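The structure appears right after this line, and notes come after that.
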Amino acid sequence: MSGKLGGDTLDKLVIEGGNPLSGTIPIHGAKNAALPILAASLLANGEVQIHNVPHLLDIKVMLGILERLGCSTCHEQDTVFVDSSNLLSTDIPEDLMKQMRSSIFLMGPLLVRCGEVSFYQPGGCAIGERKFDLHLEGLKALGADIEESYEKMTCQARKLIGTDIHLDFPSVGATENIMMAAVLAEGRTTIINAAREPEIQDLQNFLNAMGASIIGAGTDTITITGVDRLYPCSYEIIPDRIVAGTIMIAAAATRGSVTLSRCCPSHLSSLIHVLRRAGVQISVSNDIMNVSCMVRPKAVDRIVTSPYPFFPTDLQSQVMVLLSLADGFSVMKETVFESRFKHVDELNVMGADISVDMNAAFIRGVPRLYGATVEATDLRAGAALVIAGLAAKGRTTVEQVHHIDRGYDRIESLFQHLGARMHRQSPVAEQLDFAN
Ligand code: EPZ
């Protein structure tokens, strides 16, 4: 798969670093809000319209799964239309399940809509084991029977009955799956120790727009009162706070000055706090944010990733690039995923001075990074390597760019728009062009 959405495993990004970023960039819709909302569209019979949906590989995969289940989908401009009137199957295809863990979001909606769902272990990924025991325990609490054969699982439930569900960990995905299963359950469901991410609030607002009755998203207690039926609606997704944060950090790391529009600063309070501690100038006005850093950033000690509203794990690798250039010694702890430091070796190839012990990274700032050929191992690690290439002296080639295409809509266009000297090399697409 290559071309418009990128995603070919041979694609590379070639970056000539050292250019301070400048200009204004609008922030596209949030991948991590769009994915559960696309899954939730199965809960209403008819055509749902979802606006501000970015063109990302993960979105393409989710739409592919919905089509394989019998839905008709269309992604025009930044609007997605999903019509599940002819939903035929409840078997989530193994190949697509393995390709994207987020297909697990379909479990709740399919169970509610059809009374059963079968799926395969989505498997871990570079950042960790990615278990989904909390999802299963939540569905079982609502009355689902779950049978596990080798790698394949089948979930069945004639009727779901509302109940209190305590999450051992405020899992984003488990909170979302339980919300989607409970909206048509009989009676009331209360999720205790729920995840508080803005994407959870977006899902609540979408489900309520379809006729659900949910309160509490954004807090650690969410209450869902079951209703008889949901109806198709039209809805706009929130801006992507992780894409916004990535751009903010890139602006600071390149000593530039960038304005972000169509963003939601209140979703980025923890990052803004860390960047200001590093000496980055940040001004906020409604959905506009300006980020500039004309001097060498200062080291920041004791950054610990935690569930929202604390410092997001999805910005850990990007901030590490900024700290690798800071004046001083910083420490970062990753408490959400068990192996999310795979970018450290690649940054050290570029001249960084970072060491890792268990879930802590010790970063001694260096005056400069140097261009090199590096490999993206996962989505956010890849974004961090792009930032490093933008800040480094010389040329950086980032390989395995398909990881980055999962969460950034043509990242090279995004940064070119801000003055970056970078381009994508697509050997497959170029050969096809040459052949035509
Ligand atoms: C969501 O993943 C996001 N993905 C992730 O973003 C994000 O990093 C994560 O939340 C934390 O904020 C989407 O929303 C599509 P979790 P999710 O369930 O739902 C463990 C990105 O880069 N856990 O909160 O999978 C799990 O192993 C991606 O955009 C269980 O043990 O995250 C992990 O260590 C990466 N059992 C921790 O909890 C479960 O049943 C956090 O997982 C579920 C999770």
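The numbering of the sequence shown is UniProt numbering, which starts it at 1 and goes up by one.
Think of the CB as a built atom: it goes at the ideal place given N, C-alpha and C, for glycine as much as any other residue.
These numbers come from a predicted model, not from an experiment.
Annotated as proximal: P232 and A44, with beta-carbon spacing under 8 Å. Only exposed fits V295, as fewer than 16 other CB atoms lie within 10 angstroms of its CB. DSSP, reduced to helix, strand and coil, places D91 within a strand of the structure shown. Not one heavy atom of ligand 1 sits closer than 7 Å to the Cβ of S270.
With a beta-carbon spacing of about 13 Å, I146 and L160 fall beyond the 8 Å limit used to define contacts. Spanning the alpha carbons of N52 and Y235 requires a straight line of approximately 9 Å. By the Cβ criterion, the segment 14-21 is not in contact with the segment 80-91, since fewer than three pairs of Cβ atoms, one from each stretch, lie closer than 8 Å. Relative to the Cα of F119, the nearest Cα in the group A250, Q99, A141 and E129 belongs to Q99. Between the segment 170-182 and the segment 127-135 there are three or more C-beta pairs closer than 8 Å, enough to call the two in contact.
Residue burial is scored here from C-beta neighbours: Y150 has fewer than 16 other C-beta atoms within 10 angstroms and is therefore classed as exposed. With a cut-off of 7 Å, the C-beta of R101 is classified as near ligand 1, since at least one heavy atom of the ligand falls inside that distance. DSSP, read as helix, strand or coil, puts T259 in strand. Ranking D78, F362 and F310 by CA distance to the CA of V274 puts F310 first. In this structure, the alpha-carbon of L69 lies about 31 Å from that of F337.
Separation of I127 and V300 (C-alpha to C-alpha, rounded to the nearest whole angstrom) is 24 Å. In terms of CA proximity to T313, L268 leads the group G279, L268 and R277. A residue is called buried once 16 or more other Cβ atoms fall within 10 Å of its Cβ, and S103 is buried on that count. With 16 or more other Cβ atoms from the protein chains shown falling within 10 Å of its own Cβ, P54 counts as buried.
Taking all protein chains in view, the Cβ of R113 is crowded by 16 or more other Cβ atoms within 10 Å, so the residue is classified as buried. V258 and G279 have their C-alpha atoms spaced approximately 15 Å apart. Beta-bridge annotation (DSSP): H51 is paired with T79 and E236.
Under the Cβ criterion (8 Å, minimum of three pairs), the segment 370-383 counts as touching the segment 396-406. Considering only S355, A253, S213 and A40, the residue with the shortest C-alpha distance to L322 is A253. Annotation: E47 to I15 spans about 42 Å, alpha carbon to alpha carbon.
Exclusion of A381 from the 7 Å shell around ligand 1 follows from its C-beta lying no nearer than that to any non-hydrogen atom of the ligand. For A194, same chain residues with a beta-carbon under 8 Å away, outside a window of 5 residues either side, are L167, P170, T175, I200, G216, A217, T219, D220, T221 and I222 in chain order. Between G29 and D95 a beta carbon distance of about 26 Å is seen, past the 8 Å cut, so the two are scored as non-contacting. Counting every other CB atom within 10 Å of its CB across the protein chains shown gives M358 a total below 16, marking it as exposed.
One thing to note: S324 has its Cβ within 8 Å of the Cβ of I354. When the Cα atoms are used, G382 and R368 turn out to be separated by approximately 19 Å. By the neighbour-count definition (other C-beta atoms within 10 Å, threshold 16), C263 is a buried residue. Closest option to D240, judged by alpha-carbon separation, among T9, D287 and Q204: D287. Distances taken from the Cβ of V336 to the heavy atoms of ligand 1 include one shorter than 7 Å. Per DSSP, the continuous beta strand (DSSP E) segment holding G23 begins and ends at S22 to P26.
With a cut-off of 7 Å, the C-beta of V243 is classified as distant from ligand 1, since no heavy atom of the ligand falls inside that distance.
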